[in-house]
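Working notes, structure below.
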Amino acid sequence: MAEDKKLVSAITSMDEDFAQWYTDIVKKAELADYSSMKGCIVVRPYAYSIWENIQRIFDGMIKETGHENVAMPLFIPESLLQKEKDHVEGFAPEVAWVTYGGSEKLEERLCIRPTSETLFCEHYSHIVQSWRDLPKLYNQWCSVVRWEKTTRPFLRTREFWWQEGHTVHETAEEAKKETRDILELYAKLAREYLCMPVVMGQKTDKEKFAGAVETYTIEAMMHDGKALQSGTSHYFGDGFAKAFGIQFADRQGGLSYVHQTSWGISTRLIGGIIMTHGDNSGLVLPPAIAPIQVIIVPVAMHKEGVLDKARELEARLKKAGIRAKVDASDQSPGWKFAEYEMKGVPVRLEIGPRDIENDCCVLVRRDNREKTVQGLGELESAIEAMLRDFGKAIYDKALKNLEGNIVSASTIDEMKEAIKDKPRFVKAMWCGDQACEEAIKEQTGMPSRCIPFEQEQVGDVCPVCGKPAKHMVVYGIAY
RNA sequence: CGGGGUGUAGCUCAGUUUGGUAGAGCGCUUGGUUCGGGACCAAGAGGCCGUGUGUUCAAGUCACAUCACUCCGACCA
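Dropping the structure here:
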């Protein structure tokens, strides 16, 4: 009877229903709550703390490379948004409009920013006079609104939080370098801190950002084989500069237009972390961004000295720069074990009377549940090593998933065959003609993800038209 | 925006077929016993049955509308 009793309900198995598994984790790991505004979520403290860690890491990277943070207005007057044709065409279908101020109908509608290129451009046109003013390397952390039809927590919401960098440069070469340098930072963030392997590459013209000359991307593979566009970096040439009149007196005494970039990563990354590392017991968090890296569970807490010892270890770990926390609540130890597994805490430290007697503790890793008895003398260094190894192990596991689910194809039939049982990345050659790219999407259901920087010769001709191939493209179904 | 599913306690759901006084488990509160994988006992609190309009003596239950969530497509960070 007792074993039949329903305890705290478990999450749906990811093999059974991946989408439901994702939703269960979001709710049960206390990452987000739904609000009464459709498509908008409450980012709860645990998820926000993950976001703050991502912010801290990436903000550090861009500060180090000379970028500065600013805050731009939330509203964009319609006339301003209209200035760049491709841009407005790309975003107009999904912007929210403000038409009233108080009870007064506005002369001109205001768009709630879906992205802030236009605002940065207007500002740059005011402050850039001379080549000596360049480059301007600005970034802002904010939320933006896009009126999405179907929404999912973190992956696609009507309001989401992100950073958007907007830079203007003296030359095209310098702007192109900025675009690529930022993409490198995104890849570094993903790989080294989020433990997410990514495919770096360039978007095809069909898939590039509205108004961009070139768009670069990092594409990650989720556990189910679908792709998640995890960060994009755009080179704009001087298109926006011409539309907004961002001119400067150049070194030759003439007037030139600036060359521009923009780039962004968002709270979508949290969804990516869930779907890259999570398992049937819940979240698995990369140590670099885990709000709690070590959860200390006192066993037989009521016994003399146990809680004191737990607090002492917490203080030691904190002093060593490790995010440790004692759970001194009166839940049973078993409850706490399950709870922090759900929340993806990388390392659990158990400390009880038996351990205290032997001057040791028990460490349990979240990824493989491996238990080790650890002497307290070397605790800090042992945990530091364990966290490093943990990050590497989950990266390797994710890499194995990526490499095991990326296949080459030389015909449309082979492409269809490759994703028959589950979504995968498919590498195929391409002639460069947009009609062929569209034909592949039409027939296989896969849009192109990117033209990877690391090119391979997986064939000689385009699988659609049979003409000589120019590039290898990766295709895949995306979130 | 199209197709399916679901809205009843904080959570998971029963009750809807055949209209007749609002239910269970978990969670929560209080007290006690426990504590190395989701502990146990006892006593409590907690609901405008998503929302609106109809039908009816009577609606959680029937009809219509609407909103939200969710899944699958099309569109997108």
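When the count follows our numbering, it moves up by one through the first sequence with no breaks and lands on 479 for the last residue. Cβ atoms here follow ideal geometry from the backbone N, Cα and C, with glycine treated the same way.
Asked: Extent of the continuous beta strand (DSSP E) to which G237 belongs; Found: 227 to 237
Asked: Residues of its chain near E449, where Cβ-Cβ distance is below 6 angstroms and the 5 sequence neighbours each way are ignored; Found: The sequence as given places Arg at residue 449; Glu does not occur at that position. Cβ within range, chain order: E219, A227, V474, G476.
Asked: Option in P468, F425, M415, L313 with minimal Cα separation from E442; Found: M415
Asked: DSSP-derived helix/strand/coil call for R152; Found: strand
Asked: C465 - DSSP class collapsed to helix/strand/coil; Found: coil
Asked: In DSSP terms, what E64 is bridged to; Found: The partner list for E64 (beta bridge, DSSP) is empty, contrary to what the question assumes.
Asked: Within 8 angstroms, strictly: CB atoms of I265 and W162; Found: yes
Asked: Neighbourhood of W147 by C-beta, 7 angstroms cutoff - its chain only, sequence neighbours within 5 removed; Found: E94, V95, A96, R158
Asked: Proximity of D238 and P423 at Cβ, strictly below 8 angstroms; Found: no
Asked: Identified DSSP bridge partners for P452; Found: G201
Asked: Contacts around E341, its chain only, beta-carbon distance under 7 angstroms, and the 5 residues preceding and following it disregarded; Found: S281, G282, R366
Asked: DSSP three-state assignment for P45, whether helix, strand or coil; Found: helix
Asked: Sub-8 angstroms separation of E380 and V297 beta-carbons; Found: no
Asked: K470 classed as buried or exposed, judged by whether at least 16 other C-beta atoms fall within 10 angstroms; Found: exposed
Asked: When V326, A175, A300 are compared against Y257, the one with the closest alpha-carbon; Found: A175
Asked: Among K392, Q260, D330, R113, the one whose alpha carbon lies nearest that of L160; Found: Here the sequence assigns Phe to residue 160, which means Leu is not the residue at that position. Nearest of K392, Q260, D330, R113 to F160, Cα basis: R113.
Asked: DSSP three-state assignment for R311, whether helix, strand or coil; Found: helix
Asked: Start-end ranges of the beta strand (DSSP E) lying completely within the stretch 272 to 350, minimum 3 residues; Found: 294 to 298, 324 to 326
Asked: Coarse secondary structure for Y100, derived from DSSP in three states; Found: strand
Asked: Contact under 8 angstroms by Cβ, V88 with L81; Found: yes
Asked: Counted within 10 angstroms of its Cβ, other Cβ atoms place D205 as buried (16 or more) or exposed; Found: exposed
Asked: Three CB pairs or more closer than 8 angstroms across the stretch 345 to 361 and the stretch 173 to 191; Found: no
Asked: Cβ-based burial, D355 [other Cβ within 10 Å; buried from 16]; Found: buried
Asked: Where M415 sits in the DSSP three-state scheme; Found: helix
Asked: Inter-residue Cα distance where the pair is C465 and M472; Found: 15 angstroms
Asked: Burial state of K149, where buried means 16 or more other Cβ atoms lie within 10 Å; Found: exposed
Asked: Nearest to L31 (by Cα), restricted to the options S103, W51, M37; Found: W51
Asked: Cα-Cα separation between D4 and A328, rounded to whole angstroms; Found: Residue confidence is low: D4 scores 30 on pLDDT, short of 50, so the model does not pin down where it sits. No coordinate-derived value is stated.
Asked: Pair within 8 angstroms by beta-carbon distance, P333 and P287; Found: no
Asked: contact_flag[the stretch 315 to 326, the stretch 375 to 390] where n(CB pairs < 8 angstroms) is 3 or more; Found: yes
Asked: Start-end ranges of the alpha helix (DSSP H) lying completely within the stretch 391 to 435, minimum 4 residues; Found: 412 to 418
Asked: Same chain, Cβ closer than 7 angstroms to V128, neighbours up to 5 away in sequence not counted; Found: L134, K136, V168, I246, F248, V258
Asked: Buried versus exposed call for L255 [16 or more other C-beta atoms within 10 Å across all chains shown]; Found: exposed
Asked: First and last residue of the uninterrupted alpha helix (DSSP H) at Q129; Found: Segment: none, Q129 is in no alpha helix (DSSP H) and carries neither H nor E.
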